[in-house]
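Q:
Number of protein chains: 2
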Amino acid sequence: MLKNLDKLLQDKNIRPTAMRLLALEYISSQQTAVSLSDLEAAFHRADRITLYRTLKTFEEKGLVHSIMDGTGSVKYALCEEGCECAPEDMHVHFFCNKCQETICLPKSRIPKIPLPDNFKQEEVSLVIKGTCGSCS
Amino acid sequence: MLKNLDKLLQDKNIRPTAMRLLALEYISSQQTAVSLSDLEAAFHRADRITLYRTLKTFEEKGLVHSIMDGTGSVKYALCEEGCECAPEDMHVHFFCNKCQETICLPKSRIPKIPLPDNFKQEEVSLVIKGTCGSCS
DNA sequence: TAAACAATGCAATGCAATTGCAGGCGGCTT
DNA sequence: AAGCCGCCTGCAATTGCATTGCATTGTTTA
Ligand SMILES: [Mn+2]
Ligand SMILES: [Mn+2]
Ligand SMILES: [Zn+2]
Ligand SMILES: [Zn+2]
Numbered sequence: 001m002l003k004n005l006d007k008l009l010q011d012k013n014i015r016p017t018a019m020r021l022l023a024l025e026y027i028s029s030q031q032t033a034v035s036l037s038d039l040e041a042a043f044h045r046a047d048r049i050t051l052y053r054t055l056k057t058f059e060e061k062g063l064v065h066s067i068m069d070g071t072g073s074v075k076y077a078l079c080e081e082g083c084e085c086a087p088e089d090m091h092v093h094f095f096c097n098k099c100q101e102t103i104c105l106p107k108s109r110i111p112k113i114p115l116p117d118n119f120k121q122e123e124v125s126l127v128i129k130g131t132c133g134s135c136s
Numbered sequence: 001m002l003k004n005l006d007k008l009l010q011d012k013n014i015r016p017t018a019m020r021l022l023a024l025e026y027i028s029s030q031q032t033a034v035s036l037s038d039l040e041a042a043f044h045r046a047d048r049i050t051l052y053r054t055l056k057t058f059e060e061k062g063l064v065h066s067i068m069d070g071t072g073s074v075k076y077a078l079c080e081e082g083c084e085c086a087p088e089d090m091h092v093h094f095f096c097n098k099c100q101e102t103i104c105l106p107k108s109r110i111p112k113i114p115l116p117d118n119f120k121q122e123e124v125s126l127v128i129k130g131t132c133g134s135c136s
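Listed below in structure tokens is the structure:
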């Protein structure tokens with residue numbers, strides 16, 4: 001199992017340190033997106049700043065993508081196989097008002113939105129809030 | 001002119017104080033959404049907290065709607081005539097990476113997104129980032 | 001007018017994100 | 001092996017924005 005994680009890191013040119021392996025293992029094990037505070041709670045002996053930079057590194061290298069769900073704290077989730085986090089790949093995110101969890105909906109692609117003249121789209125973010133399947 | 005603004009406030013059951021009229025005049029005069037810092041810069045003699053609460057009041061009463069464009073500071077823009085800020089009314093917002101301005105696109109309605117079973121939508125937010133018409 | 005209520009100003013706090021800097025650790029060179 | 005160097009880590013400190021408490025002032029209403 002850790003072998004797989006190790007390979008995941010290697011593939012993205014991320015040096016597999018102990019902390020990074022643990023962080024990645026945690027993120028992989030979650031069904032929902034995780035925040036820095038989540039990570040901090042999961043590894044209360046680890047330094048918050050190290051975890052912060054771990055997430056930043058993962059994001060820069062394209063291992064995870066960040067989600068701003070409007071709660072004020074950024075969430076992170078594993079990128080799918082072959083995800084470039086480019087505009088075309090972007091999927092919908094869902095925030096449950098009951099369980100407060102943020103979920104990737106890779107099946108729900110963001111439709112192309114017609115823009116006014118001369119407007120050029122580079123990124124897009126679509127967050128739906130409501131009640132998730134487990135909570136309804 | 002101020003008469004109109006006064007009526008706008010009255011219609012929404014907002015007491016028209018001097019500060020509120022000035023703030024509303026400023027917001028109305030902008031082509032893009034404004035942040036608390038924008039307001040603060042426009043009225044550097046006014047108290048930041050009063051401006052903050054002015055925006056909050058405007059939002060609660062449905063005079064403006066707030067936009068979280070991912071920059072970390074909330075933007076506010078006038079609600080259109082008859083806008084209920086309800087899910088169905090929600091329009092697309094655009095953030096320009098060059099001029100850093102946030103713009104309402106009332107013509108671009110957010111399409112209905114199919115959700116997994118048992119997921120119930122209550123709110124939705126769609127922010128597109130790129131280059132605006134003036135900057136391209 | 002007096003009481004009740006709303007708006008304002010100032011201080012302080014909370015919370016998440018971010019940066020600076022020094023020490024540690026491993027790999028690489030000579 | 002010893003020394004150098006770059007990356008990773010830990011701790012301190014700071015920023016930035018949002019939010020609240022409280023006393024004061026202004027406005028409405030009985
Ligand atoms: Mn996602
Ligand atoms: Mn808008
Ligand atoms: Zn839920
Ligand atoms: Zn622009």
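Quick note, the sequences are listed as chains P and V, same order.
For the first sequence, counting from 1, position 30 maps to 30 in UniProt numbering; every step adds exactly one.
For the second sequence, counting from 1, position 4 maps to 4 in UniProt numbering; every step adds exactly one.
Every residue gets a Cβ at the ideal spot worked out from N, C-alpha and C, and that includes glycine.
Note that the structure is predicted; figures quoted are calculated from it, not measured.
1. So, does the segment 70-80 of chain V touch the segment 110-123 of chain V, judging by three or more C-beta pairs under 8 Å?
2. For the segment 111-124 of chain P, enumerate the residues whose C-beta is nearer than 9 Å to any C-beta of chain V, in chain order.
3. Scan the segment 31-72 of chain V and note each continuous beta strand (DSSP E) run of 3 residues or more that stays entirely inside, going in chain order.
4. So the candidates are P:127, P:56, P:48; which of them puts its Cα closest to the Cα of residue 112 of chain V?
5. Contact defined as beta carbons within less than 8 Å: I believe residue 70 of chain V pairs with residue 43 of chain V. What is the distance between those atoms, to the nearest angstrom?
6. Does DSSP classify residue 14 of chain V as helix, strand or coil?
7. Taking only the alpha-carbon atoms, compute the straight-line gap between residue 14 of chain V and residue 4 of chain V and give it to the nearest angstrom.
8. By DSSP, does residue 78 of chain V sit in helix, in strand, or in coil?
9. Using the C-alpha atoms, what's the distance from residue 131 of chain P back to residue 76 of chain P?
10. If we call anything under 8 Å between Cβ atoms a contact, is residue 66 of chain P one with residue 35 of chain P?
11. Rank V:124, V:134, V:122, V:18 by C-alpha distance to the C-alpha of residue 103 of chain V and give the top, closest one.
12. For the segment 61-72 of chain P, which residues have a CB atom closer than 8 Å to at least one CB atom of chain V, in sequence order?
A: Taking the structure as given:
1. Result no; under three Cβ-Cβ pairs closer than 8 Å.
2. Within the segment 111-124 of chain P, the residues whose Cβ lies closer than 9 Å to some Cβ of chain V are 111, 113, 114, 115, 116, 117, 118, 119, 120, 121, 122, 123, 124, listed in chain order.
3. The segment 31-72 of chain V is shown to contain whole beta strand (DSSP E) runs of 3 or more residues at 64-67, in chain order.
4. Here residue 112 of chain V refers to the residue found at position 112 when the second sequence is read from its first residue. It is P:127.
5. One-based indexing of the second sequence puts residue 70 of chain V at position 70. One-based indexing of the second sequence puts residue 43 of chain V at position 43. About 26 Å separates the beta carbon of residue 70 of chain V from that of residue 43 of chain V, a gap too long to meet the 8 Å contact definition.
6. The count along the second sequence starts at 1 and reaches residue 14 of chain V at position 14. In the structure shown, residue 14 of chain V adopts coil according to DSSP, grouped into three states.
7. For the purposes of this step, residue 14 of chain V is identified with residue 14 of the second sequence, where counting begins at 1. For the purposes of this step, residue 4 of chain V is identified with residue 4 of the second sequence, where counting begins at 1. Cα to Cα, residue 14 of chain V sits roughly 14 Å from residue 4 of chain V.
8. In the second sequence, counting from the first residue as 1, residue 78 of chain V sits at position 78. Here residue 78 of chain V sits in strand by DSSP.
9. Mapped onto the first sequence, residue 76 of chain P falls at position 76. Mapped onto the first sequence, residue 131 of chain P falls at position 131. One alpha carbon belongs to residue 76 of chain P, the other to residue 131 of chain P, and they sit about 20 Å apart.
10. Here the question's residue 66 of chain P lines up with position 66 in the first sequence. Here the question's residue 35 of chain P lines up with position 35 in the first sequence. No, they are not a contact pair.
11. To locate residue 103 of chain V, count along the second sequence from 1; it is residue 103. Among V:124, V:134, V:122, V:18, the Cα nearest to that of residue 103 of chain V is on V:134.
12. Cβ contacts with chain V: 68, 70.
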